[in-house]
Every structure is written in structure tokens, then in C-alpha cells.
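K.L.:
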Amino acid sequence: MSKVLLELIDVQKTYGTGENEVQALRGASLQVKAGELVAIMGASGSGKSTLLTIAGGLEVPTTGDVRVLDSSLPTLKPTQLATLRRQTIGYVFQDFNLIPSLTVIENVALPLELDGMKVRKARKAALDALVSMEIGELANRFPDEISGGQRQRVAIARSFVGPRQVLLADEPTGALDSKTSEAVIRALRKRIDAGIAGVLVTHDAKLAAWADRILVIRDGQIVEEISNNITPEQFGA
Amino acid sequence: MSVRASILAVLTMGECHGYQLRQEIESRTGGSWQINVGQIYSTLERLERDGLVESAGSNEQGQTRYRATATGSVEAQLWLTSAIEASPEARNELAMKLALAVTIPDCDVEKLVHAQRVQTMRTLQVLTATKRDVDQNDPAELPWLLVADLNIFNCEAELRWLEHIEGTLARSAARGLNPNQTLSEPAKRGRPTKTN
Ligand SMILES: Nc1ncnc2c1ncn2[C@@H]1O[C@H](COP(=O)(O)OP(=O)(O)OP(=O)(O)O)[C@@H](O)[C@H]1O
Ligand SMILES: [Mg+2]
Chain Y
1 MSKVLLELID
11 VQKTYGTGEN
21 EVQALRGASL
31 QVKAGELVAI
41 MGASGSGKST
51 LLTIAGGLEV
61 PTTGDVRVLD
71 SSLPTLKPTQ
81 LATLRRQTIG
91 YVFQDFNLIP
101 SLTVIENVAL
111 PLELDGMKVR
121 KARKAALDAL
131 VSMEIGELAN
141 RFPDEISGGQ
151 RQRVAIARSF
161 VGPRQVLLAD
171 EPTGALDSKT
181 SEAVIRALRK
191 RIDAGIAGVL
201 VTHDAKLAAW
211 ADRILVIRDG
221 QIVEEISNNI
231 TPEQFGA
Chain E
238 MSVRASILAV
248 LTMGECHGYQ
258 LRQEIESRTG
268 GSWQINVGQI
278 YSTLERLERD
288 GLVESAGSNE
298 QGQTRYRATA
308 TGSVEAQLWL
318 TSAIEASPEA
328 RNELAMKLAL
338 AVTIPDCDVE
348 KLVHAQRVQT
358 MRTLQVLTAT
368 KRDVDQNDPA
378 ELPWLLVADL
388 NIFNCEAELR
398 WLEHIEGTLA
408 RSAARGLNPN
418 QTLSEPAKRG
428 RPTKTN
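The listed protein sequences correspond, in order, to chains Y and E. The numbering of the first sequence is the numbering used here, which starts it at 1 and goes up by one. The numbering of the second sequence is the numbering used here, which starts it at 238 and goes up by one.
#1: Under 7 angstroms from any heavy atom of ligand 3, does the C-beta of alanine 55(Y) make it?
#2: CA-CA distance, cysteine 392(E) and glutamine 362(E)?
#3: Leucine 396(E) versus chain Y: which residues are under 7 angstroms apart at the beta carbon?
#4: Taking all protein chains shown into account, decide if lysine 190(Y) is buried (16 or more other Cβ within 10 angstroms of its Cβ) or exposed.
#5: So does threonine 50(Y) have its beta carbon nearer than 7 angstroms to some heavy atom of ligand 1?
#6: When you compare the CB positions of tryptophan 245(E) and alanine 313(E), do they come within less than 8 angstroms of one another, or not?
#7: Ends of the beta strand (DSSP E) at arginine 141(Y)?
#8: Verify the CB distance criterion: does isoleucine 196(Y) have a CB-CB separation below 8 angstroms to chain E?
#9: Can you confirm whether alanine 327(E), when its beta carbon is compared against all beta carbons of chain Y, has any partner nearer than 8 angstroms?
#10: Rounded to a whole number of angstroms, what is the C-alpha to C-alpha distance between alanine 28(Y) and glycine 64(Y)?
#11: Enumerate, from N- to C-terminal direction, the unbroken beta strand (DSSP E) stretches of 3 or more residues contained entirely within the region 327 to 396 of chain E.
#12: Does at least one heavy atom of ligand 1 sit under 7 angstroms from the Cβ of glycine 174(Y)?
#13: Alpha helix (DSSP H) containing lysine 124(Y): first to last residue?
#14: When burial is assigned at 16 or more other CB atoms within 10 Å of the CB, is proline 111(Y) buried or exposed?
#15: Anything in chain E within Cβ reach of alanine 209(Y), meaning under 7 angstroms, just list it in chain order.
#16: Under 8 angstroms: do the region 88 to 99 of chain Y and the region 159 to 176 of chain Y share three or more Cβ pairs, one atom per stretch?
#17: In chain E, which residues lie with their C-beta within 9 angstroms of the C-beta of asparagine 228(Y)?
#18: Any idea what DSSP makes of alanine 169(Y), helix, strand or coil?
#19: If glycine 207(E) sits next to leucine 379(E), beta carbons under 8 angstroms apart, how far is it from one beta carbon to the other, in whole angstroms?
#20: With distance defined between alpha-carbon atoms, name the residue in Gly255(E), Gly404(E) and Glu261(E) nearest to glutamate 285(E).
#21: Sorry if obvious, but does the Cβ on aspartate 170(Y) come closer than 7 angstroms to a heavy atom of ligand 2?
#22: Can you grab the Cα-Cα spacing for the pair leucine 337(E) / isoleucine 192(Y), in whole Å?
#23: For serine 178(Y), report the span of its alpha helix (DSSP H) as first-last.
#24: Against chain E, does alanine 237(Y) count as a neighbour if the rule is that its beta carbon must be under 8 angstroms from one of theirs?
#25: From the DSSP output, in three-state form, read off glutamate 282(E) for me.
#26: Indicate whether the contact test is met: 3 or more Cβ pairs, each with one atom in the region 128 to 140 of chain Y and one in the region 177 to 187 of chain Y, closer than 8 angstroms.
#27: Considering only residues of the same chain and omitting the five flanking positions on each side of glutamate 261(E), which have a CB-CB separation below 8 angstroms?
#28: Between Leu289(E), Arg259(E) and Thr340(E), which lies nearest to alanine 190(E) when the distance is taken from Cα to Cα?
#29: Which one of Ser49(Y), Leu37(Y) and Leu30(Y) has the shortest CA to CA distance from valine 66(Y)?
#30: Would DSSP call valine 53(Y) helix, strand or coil?
#31: Quick one: residues in its chain with C-beta nearer than 7 angstroms to the C-beta of threonine 17(Y), no 5 flanking neighbours on either side, listed in chain order?
#32: Assuming glutamine 152(Y) contacts leucine 176(Y) under a Cβ cut-off of 8 angstroms, what Cβ separation, rounded to an integer in Å, is found between them?
#33: Between valine 240(E) and chain Y, is the shortest Cβ-Cβ distance under 8 angstroms, so that the two count as touching?
#34: Hey, would you say threonine 50(Y) sits closer than 8 angstroms to lysine 13(Y), going by beta carbons?
#35: I need the DSSP call for isoleucine 222(Y), collapsed to helix, strand or coil.
#36: Rounded to the nearest angstrom, what separates glutamate 347(E) and leucine 406(E) at their Cα positions?
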């Protein structure tokens, strides 16, 4: 049995108060094991990004618990949380979040260098990640010198460089054509098969189909799960 | 799909006997198209009658080999490079089923849409899992990959359509619109009854 690396336990999230109160999550629970990819689908505003930011320790749940490896995120001190986020969790933001004053390779190597890895070694790992995203030749450009889809791939490379064990991706292929999307999901899947736990938020069913399980979220609640445990033989294909 | 044109297309490359044609077409379409041998032979007869193929003698097993004539080759080239006519209505059993379902009182259309979404998603998962295991760099897999990709995109389109109509149905219900129809009076047209 693989180990559970990420767990959300009955998480609720309420934004605002009184008239402005929004219940973004109403009791969502989720477990993701090493080597497992879970896709989250649902309409706009259903709570997908909220769930992911809470899983990544970027937001605090109103009630409920989030466990990454063996730590309960809401109980960690800010410095402990920052370290865990940098070392363990790879996060691909819906809007990329690259640092404009750093080159592509510096952006990707940054989390490793912050953790004290030798620059040369960090750059080597960063370049490998860029090559797996088919953008190795852009290493020395700045974010504003590459296309939107290329920027998105830099963000993905950054999310899985180094010893990350949990990968959270919010619409990681929103800016990509379908051929490039497929290359990206293949690369992500390979990383995950090597023992990472992954959560992928997407509107694209073609991408979600690469996951082991698809969870459908509606009005802040997980309402359905479609697992991918039928073999082609059973299906009669 | 044109059995006739596909046979011609294969014969432009050289001589084949009937059973061989069946195997060639099957492997060249990624195993997605199996034509029965009987149909191949009857098509070959018609092609020969129309002057598009001719016999090239028999092999030791007594099987007749065929090759494309010059006219046949031209026709095959034409077919291979022209678009097919889009026929949106040819497909959708599902669209017809849903259209019917919304007009029938007490029919749980939401349940039908949901069941279909799960089913189509499962199909998409299976296709994707199979594709994942295929060696992208093996040219022998190319025909299969092309067909699989079409099926994958069709599944995705169907899922987006189902999601879209789920919204349409919910909005229509919220506005209190009711498309249910009771049976109408039989029309007066049609075959008249005998009077004398
Ligand atoms: N910081 C915030 N303050 C107030 N409300 C918020 C905040 N962030 C999100 N929300 C609300 O919470 C709900 C869920 O938002 P969320 O971003 O999780 O949706 P989503 O499923 O990711 O949608 P999309 O597919 O459009 O990205 C929405 O109604 C949104 O308006
Ligand atoms: Mg979002």
C-alpha cells in the first residue's frame, strides 16, 4: 500500500462575513497517495482553486484539517510552513507567478538554491525540468521574453524540480494547444508515477482522463468520484 | 465508409488477393475496421466490372490476385485527397434519445445526462490509458493513434456538450418551462382506409 501524502479532512472555507459571506468549501475530504494523480473538475466558482490553495498551505481552512506527509498545516509555525511549502509542495498557479527579474532557469532553480543546494547542481536540475517541458532552449530568457504557453511550462517545471512529494496544479495547460498539453501531462504523469502525490484542477476532460480518479466538485462539495480502475480488456476495447 | 475506395487505395500499391486486402485494411486503420471477406470479394467483382481493377492471375493456393487499372488509380487518388461530406445528423443516437426524453412526462432527463457523462468519461479514461501505454515513437502505432485521438476528441466534445445542456435544462426548469408533450390527435393524412 502506498503512503497517503496529502489529506484534507472535512475542510470548510468561508470568505467574508454577513452579507458578503461566501461558503467556498462545505466539508471537502480527500486523500492522495504516493504515485496517485487526482483530477478535480467542476464549474467556474465551484471551489476548485480554493481547495488547492488550502491543500498547498496558501490559505487556512475555516474548519477542518490539512495534512501533508505527517504535518497538520494549520498547526505549523509560519517558518515551518514556509519550509514545507518550498521543499515538499510544488504548486502551479493559474496565473504562473514567475519572478520577472530572474531568467527562466533562475526561476526554476530558485526553490532549490533557497534550500542551500549548490548553484551548479540546482541549475542542472532546473535545466532537466525545462527540457522535459520541451523548452530547454529558453533557459536564459526572461519571463517577458517568452510566450504565454512557454511561461506556463516554466511554472510547471518549477513545480516539480527537486525532491517535491506533492504536486498541485491549477489549470496547468490553460494556455497550451492540445499537442503541447499532451506532452505536459505525459511529463507530469511520469513524475507522479515515480512516487509523487498529485492534484490537478482542470476543465479539460482529456487531461483529467490521465488521472487515477476524477473528483467532481459542485458548490464547495465533492459530489462524485469516477475512478480509472477498469482495464481495457474489461471494457472490451 | 467506402469499402470500394479503400480497396482501390490499397491496390494502387501493388497486387493483392481478397483475404490479404482485408488484413491490409485492418492493420492500416489501427485494427478499427474489419471488413468481412465476402464483402471484399463482391466489391472486387464490381470494381472489375467497372474497369477499376483487373485480375493479375492466381497464386499457388488458387486465390485470384488483383491490381488497380489506370482509371482505378486515378479514382483512388481522388478519394484519398478529397474531404468527406460532414454529416452531423448521421451520428447522434444520444441527441435523438435526449430530445425524445425531454418531451416525455416523468422521464428523469437529468439522470440520463448524468449517466451518459459518467459513461463517456469512462470511455475517455480507457482510451487514454491505452494511449499512455503505446510507444509514441513506433511508426506501426501511428494508424491506431490517429483513430484513438479522434475518439478521444469526440468523447471530450460529447462531455462538453452534456455539461452545456445540463445548464440549459436547469435554466429551462428554473423558468418553469415544460417541454412535455401529450400525444397529439392522429393526423388525418396518411394511407386512406378503403371505402368500397
Ligand atoms: N479571496 C476571496 N474572497 C472572497 N471570495 C472568494 C475568494 N476567493 C474565492 N472566492 C469565492 O469562492 C468561490 C470559489 O472560488 P474558486 O476560486 O475556488 O473557484 P474555482 O472553482 O477555482 O473557479 P474557476 O474555474 O473559475 O477557477 C467563488 O464563489 C469565489 O467567488
Ligand atoms: Mg480556479
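Just so it is clear, CB atoms sit at the ideal spot from N, CA and C, and this is done for glycine as well. Every value quoted in this text rests on a predicted model; they were computed, and no experiment measured them.
P.N.:
The structure says:
#1: In the structure on display, ligand 3 does not appear, and the ligands it does have are ligand 1 and ligand 2.
#2: 10 angstroms
#3: Ala205
#4: exposed
#5: yes
#6: Contrary to the premise, residue 245(E) reads as leucine rather than tryptophan in this sequence. For leucine 245(E) and alanine 313(E), yes; Cβs fall inside 8 angstroms.
#7: Where arginine 141(Y) is concerned, there is no enclosing beta strand (DSSP E), given that its DSSP letter is neither H nor E.
#8: no
#9: Below a pLDDT of 50, predicted positions are generally treated as unreliable, and alanine 327(E), at 48, falls in that range; the measurement from the model is reported next regardless. It does not; no Cβ of chain Y falls within 8 angstroms.
#10: 9 angstroms
#11: none
#12: no
#13: 119 to 132
#14: buried
#15: Leu361, Gln362 and Thr365
#16: yes
#17: Arg359, Gln362, Val363, Thr365 and Ala366
#18: strand
#19: Outside the shown range of chain E (238 to 433) lies residue 207(E), about which nothing can therefore be said.
#20: Gly255(E)
#21: yes
#22: 44 angstroms
#23: 178 to 193
#24: Note that alanine 237(Y) scores 38 on pLDDT, short of 50, meaning its location in the model is unreliable; the coordinates nonetheless yield the value given after this. True, the Cβ-Cβ gap to chain E drops below 8 angstroms.
#25: helix
#26: yes
#27: Val247 and Cys253
#28: Nothing in the structure corresponds to residue 190(E), since chain E is present only between 238 and 433.
#29: Leu30(Y)
#30: The identity of residue 53(Y) in the sequence shown is threonine, whereas the question assumes valine. It is helical.
#31: none
#32: 6 angstroms
#33: no
#34: yes
#35: strand
#36: 8 angstroms
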